[in-house]
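Inspection log for the structure reproduced underneath, given as structure tokens.
2 protein chains.
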Amino acid sequence: MAGTSLRRRRSGGHSGKALRQGGAVIEQMPWRIPRNTDRPTEPLTEEGVAAIHDGAMRILEEIGIEFLNDEAVAILKQAGCTVDGHTVRMGRDFVMEMLAKAPSSFAITPRNPDRRVTIGDGHMLFINVSSPPNYWDLHSGKVPGTRAQCRDLLKLTQYFNCIHIAGGYPVEPVDVHPSVRHLDVLFDKLTLTDKVAHAYSLGRERVEDVMEMVRIAGGLSHDEFEAAPRMYTNINSTSPLKHDIPMLDGWMRCVRRGQAVVVTPFTLAGAMAPVTMAGAVAQSLAEALCAIALAQYIRPGAPCVLGTFTSNVDMKSGAPAFGTPEYMRATQMTGQMARFYGLPLRASGSCAANVPDGQAMWETSNALWSAVQAGAHMVYHAAGWLEGGLIASPEKFIMDCEMLQQIQRYFDPALVATTPDDIALEAIREVGSDGHFFGCAHTQERYATAFYQPFLSDWRNYESWSLDGASWTVERAHRVFKEIVNGFEAPPMEEDIREELEAFVERRKAEGGAPTDF
Amino acid sequence: MAGTSLRRRRSGGHSGKALRQGGAVIEQMPWRIPRNTDRPTEPLTEEGVAAIHDGAMRILEEIGIEFLNDEAVAILKQAGCTVDGHTVRMGRDFVMEMLAKAPSSFAITPRNPDRRVTIGDGHMLFINVSSPPNYWDLHSGKVPGTRAQCRDLLKLTQYFNCIHIAGGYPVEPVDVHPSVRHLDVLFDKLTLTDKVAHAYSLGRERVEDVMEMVRIAGGLSHDEFEAAPRMYTNINSTSPLKHDIPMLDGWMRCVRRGQAVVVTPFTLAGAMAPVTMAGAVAQSLAEALCAIALAQYIRPGAPCVLGTFTSNVDMKSGAPAFGTPEYMRATQMTGQMARFYGLPLRASGSCAANVPDGQAMWETSNALWSAVQAGAHMVYHAAGWLEGGLIASPEKFIMDCEMLQQIQRYFDPALVATTPDDIALEAIREVGSDGHFFGCAHTQERYATAFYQPFLSDWRNYESWSLDGASWTVERAHRVFKEIVNGFEAPPMEEDIREELEAFVERRKAEGGAPTDF
């Protein structure tokens, strides 16, 4: 086949603009939000759904959740919940009444409105790895994260069209002081990417600063910023059964200003949750739903997402495991429950592997396919995560993007179309039993777009591959990483907006940034 | 947790016997046939199923299939099909009447009746890689296959409880002359394994010799051998639209003697089949269903399996691609059609990667999960395949078995159970918001079997893993391979049976084995 002309043809059309903007290092798929057309995998019977719901409700009614944030406790008390110190118990009627106010889908619009995403409604959004304190690449090995590495990973986040949201810090830049880290990273994120941004709920100043920076980057008035979601936060409960002060503070701040909120209990069965998966899921739901109930009480209709991060520990060592069979089933069960509650679902790509090897891929593939099967709408850590979240890796990021593009292509309705043109009876008749389909018109008219074209897989035979250096996947990924970063062009930003952002960062640094207690 | 005692406990019980028999190198799951409890992923609407069915039937009715085997043509003519030279056209009424005679499930019993497998009825069986002419391991690189390597891979086939059937030659021993190769490999297979065996349909002598050797190994009379399936063959059509002489010959021989038959068209969209996936599936079905119709006409109720191996080519190079999004959808669509026709389904594990790296794992994982989603009953090449089937690799075999065990565990109903014990409300109450689940009774009673325990994944943190040599998955797999092969103990075989097998091989070698035309 005419490979060269095929490549040329592909870099035109929809993908042309994106490629030119980002530097056409690889032939990637265009920006598009995949829709999950599969019927979800539902391991629970109707009785199973009822049993887990009842378990979650009884946890909230009988055992209660510890809300360490006094303001949240006061609000829930006012709402009629039973308060005992910091322990809040809420009846299922209240919870279900609040959940009924939550939208089943909503949009978030970043500074580039073309990057607007809808959360829910069958969409499936992929988000970069977030929050690892360490970095690994093929040359450096494992090292503490730096701002330079964080910038590189933000460039990958922007470059890949299959990454739809710029989530948390793709690696923690531990060379930047925590008091001003959010200012530097958000400046980098808002200038290097134009996708939806995120604020860590780690104290009032950080959340407020990020909201202000997102507002400035979008060229928005305060009213415009608050009129519809422009960004989001993600909080984790402190399992078992606890929500801490700053997370709830950030949660409530975002809710009040109309921004989106995701709550993701990190419930490792056998450690912070029961050893049985249904128990771990029930506890996770209880921890998440009470936060969503709080949000809906504060602002009915607040855009909320139910997150799942239920996995298991290694019973030999206590180490967390990811992408396991148990993890897959927990994700699918939580998907069923999210549909029961009418809430959008967040899941994750994840693995326990220390390097981007075979184990990393089967664990991540398991995690990603369970997100598909669960009908997850947001997939955190979809690219770049290693060592149970302790390492961010650019090679892993690139390898994961190859898998994400395949999932996106998997959802293309063309693959399962059954029109007469697809059944191709006349082509089959024309070729007969002695011919070949390469040459027939039916093939010639379709070959350029008929199949998924990987950017990282090497489909050459062993000998060609060997003559060309016999590169293993991780080595090819390293080269792609370097090429993307070296050729990266940031998305456009108006000069006055950039200056306003710079001035904000400078002022807030002069004021000392966010307080730190160490 | 008490890791050591946990390991000891696990090697007792069900798995104990298998471990002692095979040498307890690793802690693997016990022999068990997984049941696929998931609702299949069905990308086709009812109209889509009807459209593909109609396409397949029109291929058979209007275009016809070339049957190069004169005997098969004569039989089909007698059955009322329209014959024009070697081209056979058959009406949908005849095809559907014949398919209605085929069982939706059946058993095959090998020499060890404990290794009996049921094909169909929700079971999911995994089969070793079959037929690559080359071998790759971490030390040898790619080399032509030998009998010694073939024996090593047969040892892995026997050792792993997650491999249920000993399919074709796990690597072609090209150091054994083709005239006697089937005698040597079948002797090795029948002495090194006690699982269901397979005969290549590559000429009368080979099929008859293998049937005879399986009969001898099972200690069966001729009548006993023919009373129920003891082995099977797998044939491939010569796509497009052709069945060759020896494949049909072997097909009919096995059918007449009551053995199981699998027909698997190898339809690469864009090459031997239409570039559109529905067209490739329709053509594949036509090629398979006419062989099954022939089998049912010869022997109503013959145990038949519908195989799928529909993938796509790389449109740049023409190279076959595997585990692609298109491959996944074709597998799922064929699964829907298999249920429509009431036939058991064979799918495959596969990849285009040249070495067991990241690409190998994401492609194989895609292929295996699509087999799950399709409701496939037999999964060929489930362990050990590389380079589009041109390489068999022991490391890849071991890595794939880790994935297969996870799929097996994924189907364990315990993972999604929702009894009050699973919801664990009292444990959650007991631990409260300040405790930990490690210590509670609910965990202690269950931790030994609560979670899947991998034998190859390394879940230690980076530093522990690094201090212990920083082995990547493929290196760990190589070590496991060597340990298994070195410690291998063959399953028991009565001495007189072994002698009878040896005598048969000796006699057939003296007679010249099978004729070769080169």
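The listed protein sequences derive, respectively, from chains Y and A. Using my numbering, read the first sequence as starting at 911 and increasing by one per residue. Using my numbering, read the second sequence as starting at 911 and increasing by one per residue. Each residue gets a CB set at the ideal place from its N, CA and C atoms; glycine is no exception.
(request) Please list the partners that F1348 (chain Y) has in chain A, where partner means a Cβ-to-Cβ separation under 8 Å. (result) Taking a Cβ-Cβ threshold of 8 Å, the residues of chain A close to F1348 (chain Y) are G1180, A1181 and G1228, in chain order.
(request) Give the DSSP-derived three-state secondary structure of Q931 (chain A) in the structure shown. (result) Here the model assigns Q931 (chain A) a pLDDT of 43, short of 50, so the residue's position is not dependable and the matter cannot be decided.
(message) Can you check which of these residues, A:G965, A:L1100 and A:Q1059, is closest to A1400 (chain A) by C-alpha distance?
(response) Of A:G965, A:L1100 and A:Q1059, the residue nearest in Cα terms is A:L1100.
(message) Can you tell me whether G932 (chain Y) is buried or exposed? The criterion is at least 16 other CB atoms within 10 Å of its CB, across all chains shown.
(response) For G932 (chain Y), the pLDDT reaches just 45, beneath the cut-off of 50, and the residue's location in the model is therefore unreliable, leaving the point undetermined.
(message) Against H1352 (chain A), what residues of chain Y qualify as contacts under a CB-to-CB distance less than 9 Å, listed in chain order?
(response) Contacts between H1352 (chain A) and chain Y, judged by CB atoms closer than 9 Å, involve P1184, V1185, T1186 and G1189 in chain order.
(request) Can you pull the chain A residues whose beta carbon is under 8 Å from the beta carbon of Q938 (chain Y), in chain order? (result) Ordered by position in chain A, no residue passes the 8 Å Cβ test against Q938 (chain Y), which lies about 15 Å from the chain.
(message) What are the residues in the region 1145 to 1163 of chain Y lying within 7 Å of chain A by C-beta distance?
(response) P1150, L1151 and K1152
(request) For A1337 (chain A), return the contacting residues in chain Y, with the cut-off set at a CB-CB distance below 9 Å. (result) P1184, V1185, T1186 and G1189
(message) Using a Cβ-Cβ distance cut-off of 9 Å, determine whether G932 (chain Y) contacts chain A.
(response) Confidence at G932 (chain Y) is low in this model, with a pLDDT of 45, below 50, so its placement is unreliable and the value that follows should be read with caution. Under the Cβ criterion of 9 Å, G932 (chain Y) is not counted among the residues facing chain A.
(message) Can you tell me which residues form a DSSP beta bridge with P1139 (chain Y)?
(response) Looking at the DSSP assignment, P1139 (chain Y) forms no beta bridge with any residue, so it has no partner.
(message) To test your reading of the DSSP string, which unbroken alpha helix (DSSP H) runs of 4 or more residues are found completely within the region 1190 to 1269 of chain A?
(response) 1235 to 1251
(message) If the criterion is Cβ atoms closer than 9 Å, does the pair Q1193 (chain A) and P1230 (chain A) meet it?
(response) no
(request) Could you list which residues in chain A have their beta carbon closer than 7 Å to that of D1224 (chain Y), in chain order? (result) W1369
(message) Taking 9 Å as the threshold (beta carbon to beta carbon), is K987 (chain A) in contact with chain Y?
(response) no
(request) For D1031 (chain Y), decide whether its Cβ has a neighbour in chain A, counting only Cβ atoms nearer than 9 Å. (result) no
(request) Work out the CA separation of F1365 (chain A) and P1266 (chain Y) for me, nearest whole Å. (result) The straight-line gap from Cα to Cα measures roughly 18 Å.
(message) Residues in the same chain with beta-carbon distance under 6 Å from A1424 (chain Y), minus the five sequence neighbours each way, listed in chain order, please.
(response) S1089, G1113, E1115 and R1116
(request) Using a Cβ-Cβ cut-off of less than 7 Å, list which residues of the region 1240 to 1269 of chain Y approach chain A; keep chain order. (result) Listed by position, the residues of the region 1240 to 1269 of chain Y near chain A (Cβ gap below 7 Å) are M1243, A1262, N1264, V1265, P1266, D1267, G1268 and Q1269.
(message) Taking only three categories from DSSP, how would you classify M1000 (chain A)?
(response) coil
(request) Give every residue of the same chain whose Cβ lies closer than 8 Å to the Cβ of M939 (chain Y), excluding the five residues on either side of it in the sequence, and list them in chain order. (result) S925, N1071, C1072, Q1315, Q1318 and R1319
(request) Check L1296 (chain Y) in the structure and name its three-state DSSP category. (result) strand
(message) Tell me whether the region 1178 to 1194 of chain Y and the region 1378 to 1387 of chain A touch, counting them as touching only if at least three CB pairs, one residue from each stretch, are closer than 8 Å.
(response) The answer is no - the region 1378 to 1387 of chain A does not touch the region 1178 to 1194 of chain Y, with fewer than three Cβ pairs under 8 Å.
(request) For E1007 (chain A), decide whether its Cβ has a neighbour in chain Y, counting only Cβ atoms nearer than 9 Å. (result) Not flagged as an interface residue toward chain Y: E1007 (chain A), since no C-beta distance is shorter than 9 Å.
(message) Quick check on DSSP: helix, strand or coil for F1348 (chain Y)?
(response) In this structure, DSSP gives F1348 (chain Y) a helical state, which the three-state scheme calls helix.
(request) Could you tell me whether the Cβ atoms of S1260 (chain Y) and G1298 (chain Y) are closer together than 9 Å? (result) Yes, Cβ-Cβ distance for S1260 (chain Y) and G1298 (chain Y) is below 9 Å.
(message) Distance check for E1416 (chain A) and R1408 (chain A), CA to CA, integer angstroms please.
(response) Distance from the CA atom of R1408 (chain A) to the CA atom of E1416 (chain A), rounded to whole angstroms, is 12 Å.
(request) Just the C-alpha distance for E957 (chain Y) and D964 (chain Y), rounded to the nearest angstrom, thanks. (result) 10 Å
(message) Pull the bridge partners of T992 (chain A) from the DSSP assignment, please.
(response) DSSP lists A:R999 as the bridge partner or partners of T992 (chain A).
(message) Buried or exposed, going by whether 16 or more other CB atoms sit within 10 Å of the CB of T914 (chain Y)?
(response) Residue placement at T914 (chain Y) is poorly supported in this model, since its pLDDT is 31, which falls under 50; the coordinates are not used for a value here.
(message) Across the region 1016 to 1025 of chain A and the region 1275 to 1282 of chain A, are there enough close Cβ pairs to call them in contact, namely three or more that are closer than 8 Å?
(response) no
(request) May I ask which residues mark the beginning and end of the beta strand (DSSP E) holding F1414 (chain Y)? (result) F1414 (chain Y) -> not in any beta strand (DSSP E); alpha helix (DSSP H) instead, spanning E1405 to A1420.
(request) Kindly say whether N1044 (chain A), judged by its beta-carbon, lies nearer than 9 Å to any beta-carbon of chain Y. (result) Yes, because at least one Cβ of chain Y sits closer than 9 Å to the Cβ of N1044 (chain A).
(request) Flag Y1079 (chain A) as yes if its beta-carbon sits less than 9 Å from any beta-carbon of chain Y, otherwise no. (result) no
(message) For a contact defined as C-beta to C-beta under 9 Å, what are the partners of I1301 (chain A) on chain Y?
(response) Y1372
(message) Using 8 Å as the cut-off, can you tell me whether the region 1034 to 1046 of chain A makes contact with the region 1065 to 1085 of chain A, which would need three or more C-beta pairs spanning the two stretches below that distance?
(response) yes
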